[in-house]
Structure formats: C-alpha cells, structure tokens
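First comes the structure, then the notes that go with it.
Chains as they are written, first to last, in this note's numbering: chain A, 2 to 209; chain B, 496 to 573.
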C-alpha cells in the first residue's frame, strides 16, 4: 500500500521536525490553571482594595503607609499567581512529557524559556521602574503588553498558536492604556479569561 | 534529515537523543549521508572535548525537499 506508507512517512517527517525544534510537551491546561489563578488573584486584589479604601480611591491620594500596604499586598498577590501558574505549568508539562517522550529539560524547553524570558524580564523591570516612579496606572497595561510580546516571541518554539494569544494580550494592554482606572479589569480579562479560553481551546485540539 | 532540515545544525549527542538509536547505527547513517553530499560534518573542540555537529548541505536540502514533494504527490494521487 504505497499510499499508506507515504502518509506514514510524511507524518514521521513532520513529527521529527516538530520534536527537534519545538517544545511539544506544553499543555493547554497550563493556560487554564494560570487563568484560574489570575482570576483568583484579581478578585483578591479587588476585594482588598474595596475593603481598604473603596474602589474609587486613587493610589496617589493615599497615605504613605497605606501605599506601602497596597504595594505589598499587590506584590505578594501577583507573585503567588505567577509562582502557582509556573509551578502548575511545569508539573503539567512533566505529565505530558511522559506521553510525548520529550524530556522537560530538552534543548527545546530551554530555547522556549529563554525566548519567553527576554521580553518578560524586560517588562518586569519596566513595571518595577513604573512603580518606583509612582506611575501605577500603566503597570497593568505594561504587564499585558510585555507578556503578549513574550508569547509572540516564544511562539515558534512550542506547539499551538500562542502567537495569537500574544496578539490578544498586546491588544488588551494597548487598549487599557486609554482607559485608566480599569487596569485590574483588563488584567483579569487578559490573564484570566483569555488564558482559560485559549488553554481549553489548545487542550481540546491537541490533547483530546 | 528531518531534524537537520529544521535546525541550523545538530550535534551527535542531540541526534542520538532525537532518533533513539545506537552510536554505531547513527554513525553509519551519517556517513552514508555525508558520502552522498547531503550532510556537512563539522568537527571541533569545545574546550577539551571533541564535538561533532552536522548541517544539511544545499544539495541535501534540495534532495529532502524533493523527497517530500514525491511523498505528497503519492498522497494526492489517491
């Protein structure tokens, strides 16, 4: 059956091309969990703000020690969301790697991480700079924008169309620049809603 | 060939990892490809350790592309 052999050959070729150049153990569920953590974090931040000084308060008008408390809370909040998301991501990838046969320490995994890290670190430092200068309104937009750019940059080193999620995050980030005061909302939509939506999409297409 | 097609170059260890074959098996296949003029062998030292990496030649790239085209043609003429 020459036809079947040809199909198998092409499929083998394609599979080898992928596993030699991309990290194929990335799971869509990573996005789902990250989205859930992000929504939880956003909700926590919202209720904390509402309880502490009302949702209409402006950061600049707070007392210095109130400002410090807010920063600490938001900082720990964001840190937890990030750590849990990354932690679960690693664990899920490890689980999937049993099926793909590609080690999580594969060269492609490192390639992926490096390319993710460059815009992400840049964004992180940029946000710290913004906070240190008191320009808090642009922090949420900046996080979305840099995260989106890092996704676009890293997309060719993994499966799925993370590039498109990247475009969405950049778009959300840019849009939120024009709606000061709604940073948390955009953050929740970008890091929460779209991650869950995209994660589920990727999971059903590639893993089900 | 598939792996070399989408990577600038790959070294022996990486190829062995990807293909899951023995040293001897891999070495003889690479030799065949090299003799056909499809693969360029680059022997160098990383510090003190010898390291051999492989790249597809232009001829190899063309041959591989033609191979894929032939396969696709077979499939299309279902």
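We treat Cβ as the ideally placed atom computed from N, Cα and C, and that holds for glycine.
Discussion item. Would residue 11 (chain A) pass as an interface residue toward chain B - the criterion being a Cβ-Cβ separation below 8 Å?
Written reply: It does: the Cβ of residue 11 (chain A) has a partner Cβ on chain B nearer than 8 Å.
Practice prompt. Report all residues from its chain with a CB closer than 6 Å to the CB of residue 197 (chain A); omit the five preceding and five following residues, and keep chain order.
Written response: Excluding positions up to five away in sequence, the list reads 33 and 36.
Discussion item. If I follow the unbroken beta strand (DSSP E) through residue 548 (chain B), where does it start and stop?
Written reply: 544 to 551
Worksheet item: Along chain A, which residues have their Cβ under 9 Å away from the Cβ of residue 509 (chain B)?
Response: 21 and 108
Worksheet item: Can you check whether the CB of residue 514 (chain B) is closer than 8 Å to the CB of residue 521 (chain B)?
Response: yes
Discussion item. For a cutoff of 8 Å on Cβ pairs, would you count residue 4 (chain A) as touching chain B?
Written reply: Interface criterion met: the Cβ of residue 4 (chain A) is under 8 Å from a Cβ in chain B.
Fill in: Closest by C-alpha distance to residue 496 (chain B), when choosing among A:22, A:86, A:5 and A:6
Measuring from the Cα of residue 496 (chain B), the nearest candidate turns out to be A:22.
Fill in: Residues that residue 534 (chain B) bridges to, as DSSP identifies them
B:551
Fill in: Same chain, Cβ closer than 8 Å to residue 182 (chain A), five either side skipped, listed in chain order
138
Discussion item. In whole angstroms, give me the CA-to-CA distance for residue 541 (chain B) and residue 549 (chain B).
Written reply: 15 Å
Discussion item. Counting only Cβ pairs nearer than 7 Å, list the residues of chain A close to residue 501 (chain B).
Written reply: 18, 21 and 22
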